[in-house]
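Trainee: Numbered per my numbering, the sequence shown spans residues 141 to 439.
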Amino acid sequence: MLGLLPLTVIAVGLLAVLAVALPAARAPLSAATQTATAEVVRNGVAPDARGVEVAFPDADGVEQTGVIVLARPEDVPAGAEIGVQYDPTDSDSVYADGDAAHLTVRNLLFGIFWVGLVLIICAAMTLFRLISRPRLLRRPVTSASARRVRVRRGLSDRSWLVLDHGSAVSWVPVYWDEAVSSLKRDTSITVHGNPRRDRLVLPVIDGTPIWPSGGRRGSAPKGESTQLPPQHPVPPRSLLRQARGDAAGLLFAPLFGLLWAYTDESGVSGFLAATAMSAGVLFWLPSIFGSDPTGPRDE
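#1: So, for I441: in the same chain, excluding its five sequence neighbours on each side, which residues have a beta-carbon less than 6 Å away from its beta-carbon?
#2: Does the stretch 285-299 come close enough to the stretch 265-273 to have 3 or more Cβ pairs within less than 8 Å?
#3: Could you tell me the distance, in whole angstroms, from the CA atom of T123 to the CA atom of L154?
#4: Just curious, the beta strand (DSSP E) that W300 is in, first and last residue?
#5: What residue range is occupied by the uninterrupted beta strand (DSSP E) comprising D232?
#6: Comparing C-alpha positions only, which one of E193, R190 and T348 sits nearest to S322?
#7: CB-CB under 8 Å to D215, same chain, minus the five flanking residues each way: which ones, in chain order?
#8: What's the C-alpha gap between S307 and R336?
#9: Restricting to Cα atoms, I'd like to know which of I252, L142 and P187 is closest to A161.
#10: Determine whether the beta carbon atoms of G389 and A401 lie at a separation below 8 Å.
#11: Does the count of Cβ pairs from the stretch 349-358 and the stretch 310-317 closer than 8 Å reach three?
#12: Determine the extent of the beta strand (DSSP E) in which D227 is found, giving its start and end residues.
#13: Helix, strand or coil for P217 per DSSP?
#14: Please report the straight-line C-alpha distance between P168 and R384, rounded to a whole angstrom.
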């Protein structure tokens, strides 16, 4: 839940901003109730050479002129015919499919859709884990010899329990708990589930369930493995230290923001929104997949 809270705050804030901006962006297009076929008079006019001056007959047959504002300067030849919509009370306000006004509305709707979809997916995954993991306690109990290993891959650290159950060895990623850090090498523990067959098993150390953060593996995961000595007593780990560890991936958020702004043509506002949402997701991922708050000082 630690990672879901910031993501939820960011997503709800973005949805509120986008929802407030949408009516204002739609208003001029909603007022443009008349349509006509316009002829391009000249290209590259204000603002910023993005304007296309057009002439068209209004509903009464009177010749009118207006400017279509594009998202970026484009070479539109004089004399070309374009389907336009315009406000009958203000014929200077002329719009066409693909212009800046339509692109703004599209980006706002696209943003609302994606922000909402990401929030729903992340919340559903978190809720599913909160509901499904306790069901592992109902599975049959067996025993296994266990040791704790911390695996670093890139910027992420995860706690793993290596279970030796006779004829085979299983690697189980787990959410860190003080009982994990105090575990002595090759300690016999109880396990809910079959460590030879079940994808998810639940180790129990001294009566403490150690919730799995992922599926059991039959071989060591990729990354740098460190066998840590048991700690007695286990130093307290604050939420701030946990948050600092989970925040390592936030360095990549601006890169995702740039990629979104480039592909979506949404400019600075799209970059800021995508960066904020990416930061929320990147902070949520370590919490859902089980980050290890211990560090080199604990080795």
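Note that beta-carbon positions come from the ideal geometry of N, C-alpha and C, so glycine has one too.
Mentor: Inspection of the coordinates gives the following:
#1: No answer is possible for residue 441: it lies beyond the span of the chain, which begins at 141 and ends at 439.
#2: no
#3: Outside the displayed span of the chain (141 to 439) sits residue 123, for which this structure offers no information.
#4: Translated into positions along the sequence shown, residue 300 becomes position 160. Residues S296 to D304.
#5: Against the sequence shown, residue 232 aligns to sequence position 92. Here the beta strand (DSSP E) through D232 covers D230 to Y235.
#6: Position 182 of the sequence shown, counted from the start, is the residue given in the question as residue 322. Ranking the options by Cα distance to S322, first place goes to T348.
#7: Against the sequence shown, residue 215 aligns to sequence position 75. Counting only Cβ-Cβ distances below 8 Å, and skipping sequence neighbours, we find N183.
#8: Taking the sequence shown and counting its residues from 1, one reaches residue 307 at position 167. Taking the sequence shown and counting its residues from 1, one reaches residue 336 at position 196. Those two C-alpha atoms are separated by around 9 Å.
#9: Locating residue 161 in the sequence shown gives position 21, where the first residue counts as 1. Residue I252 is the option with its Cα nearest to A161.
#10: Position 249 of the sequence shown holds residue 389. Position 261 of the sequence shown holds residue 401. No, the Cβ-Cβ distance between G389 and A401 is not below 8 Å.
#11: yes
#12: Taking the first residue of the sequence shown as 1, we reach residue 227 at position 87. That run of the beta strand (DSSP E) goes E221 to D227.
#13: Here residue 217 refers to the residue found at position 77 when the sequence shown is read from its first residue. It is coil, neither helix nor strand.
#14: Along the sequence shown, one-based indexing puts residue 168 at 28. Along the sequence shown, one-based indexing puts residue 384 at 244. Answer to the nearest angstrom: the Cα atoms are 46 Å apart.
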